[in-house]
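Numbering-wise (the numbering used here), the sequence shown opens with residue 2 and increments by one. All residues carry an ideal CB built from backbone N, CA and C; glycine is no exception. Data block below; observations after.
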Amino acid sequence: MDPHLQRGLHDKLYEKRKAAALELERLIRDTAALPDSLPKLRQIVDQLCADTYSSSHPHIRNGGLIGLAAACIALGPSVARFLEDIIPPVLACFTDQDSRVRYYACESMYNIAKVAKGETLLYFNEVFDSLCRLAADSELSVKNGAELLDRLVKDIVSEKAATYVSVLQGDGYGSGVVTPVSEEEEDDGGRPRYAREVERTTAFSLERFIPMVAERIYVINPFTRTFLVSWIILLNSIPDLELITHLPAFLDGLLKFLADPNKDVRTATHVALNDFLAEIRRIAEIKKISGKTAPVNGTQTQTQTQSDDTGAGKSFSDADSASHGHSQPDTDGIAHSLISPSTPTLPFVSEPSPLNPIPNPSSSDIYIPGQDVPISHPALLHILLPHLSSPIEEIQHTALTWVNELFGICGQELLEFVPRVLERVLPVLSSGVEKVRGKAGEVSGNLRGLVMGLPEPAVEMGGGRGSGSGEGRKGSWSAQSEGSRSLSPVTMKKSSMTSALSEPQSSSLVESQSPVVGFAEKEKEEKGGNGLDYATTVSALTLQFLNEHEETRVAALDWLYWLHKKAPTKVLAMDDGTFPVLLKTLSDPSEKVVTRDLQLLALVSSSTSDDYFTSFMLNLVSLFSTDRRLLEIRGSLIVRQLCVSLSGERIYRTLAEILERDDDLEFAGIMVQNLSMGLITAPELGDLRKRLRNLETKDGQLLFTSLYRSWCHNAVATFSLCLLAQAYEQASNLLQIFADLEITVSLLIQVDKLVQLLESPVFTYLRLQLLEPEKYPYLFKCLYGLLMLLPQSSAFATLRNRLNAVNSMGFIHLAPKTPSTVFERGTGSGVGVGPKGRKGVDEIKWPELLEKFRNVQLRHEKARRTATLKNPPVFAFDPLSTRPHETPNSTPKENGMGKDGGLSRGGSTPSTPTTAGPGANGKGHGRSKSIGLANRLYQARQKRKE
């Protein structure tokens, strides 16, 4: 350059720099018209770049920037060869400390891009990185300039990114070179023949751009985030770029934008995510229509071999008019192009090109855009999993929506993720946000429909828990979802589950590696089944029992039910760790969880062998033995709920056999007491009570004998069983043995409760039988014997009034004194009168049962004496009486008794009568009658022993 021209460019005044730029433009035009002008032009460009790069004075750098812009305008279409030297120094000024230099750099780059157009795409990454930094610039004028440049670059990208091939490729600068042999050698269609064909590379490379987006996506500045989202939306709107293929690279960071406090950022992010989700649905539908399951070879994109005519856009001021045409720059255009930053104007924003509609295929040869677009659904789901537990409501709801859609689109492909999805979705069911909780329920329901729609897994030979086999699921996602939601709650309650933790797990719940394409298919082939890892799924669900929320625990139990319903042989094992966990869940504070757990255990037991059921009952009794509080609070509920789901007779007979052999006499007595109370009061056991009253049949006799031998651990329970079975003579004989036993306060309280139960509807038949004394003589003996055991309390008065009501009507006196009413002692039957007696009753060996009762009660009495010697009771002496009595603290307690001195349904700890201190209520005693009777009996027993 002429020194005078160079001094003009370096001048501090903007007007002088602009005049020098116009003169430089004319100089370059004249030089370019000369032959062999390339070296001279490169010298000028190098000199301008040096001024821009190396100078420490802002006005010199400004001069270099305006000079480079003028040079590009003068070079016109030939500028492509010089962009490699021009663009880097311009972009370097984007980070200059002087805000005016940054603004002039934006203006210079705007004019360069206006002339170069598609050639700018070769340097798109560098331009994008610089614009991304300026989006958060503190100077408003710089941000406005960067926004104008950003709009221009977006116009260029939307118009040319998918098809533009740089002109440098034809000159040997590019990777894809296409060289014609000669102009004369043409084919029949008039097209030149080529010496060699290579794939032509477009100037814009999405593969080179995506790593930059993946790096920048984790910024926190709201302006930069808005800039990134706007570019993502733009690139996704260009069909031929197929940005959806690279979505896993930046989806994680994009979801985090939803936590931004800026509403505009969240709104734009929602728009981008909705567009991506709609694109995934559209591509899935296209592949379904075209029948393609994998991307095809090659592409259908047409590329152009040369650039379009460069426009004459020069600055922000004439951006509007220049964007409408492609005219060549005139010689004096620079005079109106470079304006002062104090007078910015609005740019023209070009509209994106319309998308081509999807053709309706009439044959298999028609190509449908999108049918060969590869989308890694496993990679997307792997990214979404951590966000299912996000504390941010927007992120969590969006992640749930995406997971629901992905399983609806390609559920078979994502079966390996079911355990990890459930591990994160089930806790969300207890979310405090209604929208999130509802979406989590929808995901869980649809997943259940997907799993239940899988083919039945094959059962291995030998009954092992091998992987199932079968073809892919048939039917739509929506149909399966509706089917899963249409199941009745009653059906869901009758559930069970088991575990397959002993099976080697193919994947870990905490696996953090990204999935690869084809991994799901490989896993499915290795398992030889439907692709669902049952063992890992059961493990994930079992972990949810530790969740503090009731809804999550209930949902986990429901899921285990459905899995057992689907594949009982693959989810069941007594030797794994799941069964003890289910038993421990019976101690859960939530009654709803306990009910679900019992239904689950019941169905497991009903669908397995007797050995498994017996093992379950043994474990249940062992649990009650070690956890007495569970027996006290939930014992009655557990047994009754099991009787609802299973056969009550089966449960009672199995428990009776177990308790008969139990060496813990105290526990056996408490357990029998609870079972006896349930047998008398539970509505669920009405059929069992009817069978007990039918001793004519063999089954009834076996049932009665089985229960009797175990009920011997509790005297009052045995007596109650005889009343239920109408074995009144046996009950009368039991009272004779009672006289030889130690009458404890606990026994008196149980008798008190039994008298109250005799007034309940359960014993209506017994009260009516009092009207037939000639047919049931031993019934009167039983009741009068019971009356003699009781102290004169409210229960005594109740029973006495009942018997007096019968006596006052004269029924006892009307009883015939015939030999037919005489019963042989020891038969045990209270109803076998003459030919009308019940057949088969005498087949029961009543004497053996009486001896069994006596022996068991003697063992209990011996055990109580041994316990008394180890822990002697503390006696207090009444100053007005010489009879000792136990203090309230030494009063024995009995599990399963109610506050009113009787048995409670829930097995709560009884409140026994206590003695009042001297002077209570103005009297010297205040002790109850039952305590007094117990003390007198105690003294009599001591004298007898002496």
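| Item | Value |
| --- | --- |
| What does a CB cutoff of less than 8 Å around E6 pick up in its chain, not counting 5 residues either side in sequence? | Strictly speaking, residue 6 in this sequence is Leu, with Glu absent from that position. Cβ within range, chain order: A21, E24, L25 and L28. |
| If you drop the 5 nearest sequence neighbours on each side, which residues of the same chain put their C-beta closer than 6 Å to that of D589? | V595 |
| Are L150 and Y104 close, meaning C-beta to C-beta below 8 Å? | no |
| Got a sec? Which residues, its chain only, sit under 7 Å from L259 by beta carbon, not counting five neighbours each side? | R267, T270, I393, E395, I396 and T399 |
| How big is the Cα-Cα spacing for D130 and R217? | 9 Å |
| Quick one: residues in its chain with C-beta nearer than 8 Å to the C-beta of P223, no 5 flanking neighbours on either side, listed in chain order? | D261, P262, N263, D265 and V266 |
| Tell me the start and end of each unbroken alpha helix (DSSP H) in the stretch 718–743 that is at least 4 residues and wholly inside, in chain order. | 729–739 |
| In this structure, does DSSP put Y535 in helix, strand or coil? | helix |
| What does the Cβ neighbour count give for Q170, buried or exposed, with the cut at 16 atoms within 10 Å? | buried |
| Is the CB-CB distance between H714 and V763 below 8 Å? | no |
| With L788 as the anchor, note down where its alpha helix (DSSP H) starts and where it stops. | P778 to L790 |
| Exposed or buried, which one is A740 when buried takes at least 16 other CB atoms within 10 Å? | exposed |
| State the CB to CB distance for the pair Q455 and L542, rounded to an integer number of angstroms; the pair is presumed to be in contact (CB under 8 Å). | According to the sequence shown, residue 455 is Leu rather than Gln. 17 Å between Cβ atoms; not a contact. |
| To the nearest angstrom, report how far apart E243 and P428 are at their CA atoms. | 36 Å |
| Can you grab the Cα-Cα spacing for the pair I87 / C50, in whole Å? | 7 Å |
| With DSSP collapsed to three states, give me the class of N222. | coil |
| Secondary structure at C713, three-state DSSP: helix, strand or coil? | coil |
| Counting C-beta neighbours from all protein chains within 10 Å, is the total for D373 16 or more, i.e. buried, or is it exposed? | buried |
| How is the alpha helix (DSSP H) around C644 delimited, first residue to last? | R629 to S646 |
| Is A568 helix, strand or coil when you go by DSSP? | coil |
| If you run the structure through DSSP and keep just helix, strand and coil, what is N548? | coil |
| For I45, which residues from the same chain have a beta carbon less than 7 Å from its beta carbon, with the 5 sequence-adjacent residues on both sides left out? | M2, I29 and A72 |
| DSSP state of T202, grouped into three classes? | coil |
| Whose CA, out of V230, A556, T537 and G77, lies closest to the CA of K118? | G77 |
| How would you write the range of the alpha helix (DSSP H) that G670 sits in, first residue to last? | L666 to T682 |
| In angstroms, rounded to a whole number, what distance separates the CA positions of R18 and V220? | 38 Å |
| Note down, in chain order, each residue of its chain lying with its Cβ closer than 7 Å to the Cβ of H11, except the 5 sequence neighbours on either side. | H60, I61 and G64 |
| For M789, count neighbouring C-beta atoms within 10 Å of its own C-beta (all shown protein chains included) and say buried if the count is 16 or more, exposed if not. | exposed |
| Is there at least one non-hydrogen atom of the ligand ADP closer than 7 Å to the beta-carbon of V444? | The ligand ADP is not among the ligands present in this structure, which contains no ligands whatsoever. |
| Would you call the CB atoms of Q545 and A557 closer than 8 Å? | yes |
| Apply the 10 Å Cβ neighbour rule to A136 and answer buried if 16 or more other Cβ atoms are within range, or exposed otherwise. | buried |
| Candidates L561, Q48 and V582: which alpha carbon is nearest V572's? | L561 |
| Between S830 and K585, what straight-line distance do the alpha-carbon atoms span, to the nearest angstrom? | With a pLDDT of 44 at S830, under the threshold of 50, the modelled position of that residue is not reliable, and the figure given next carries that caveat. About 44 Å. |
| Short check: CB of V154 to CB of A114, under 8 Å? | yes |
| Taking DSSP as the reference, what is the three-state secondary structure of S139? | coil |
| By the DSSP assignment, the alpha helix (DSSP H) with E120 in it spans what residues? | Element bounds for E120: n/a, residue is neither H nor E. |
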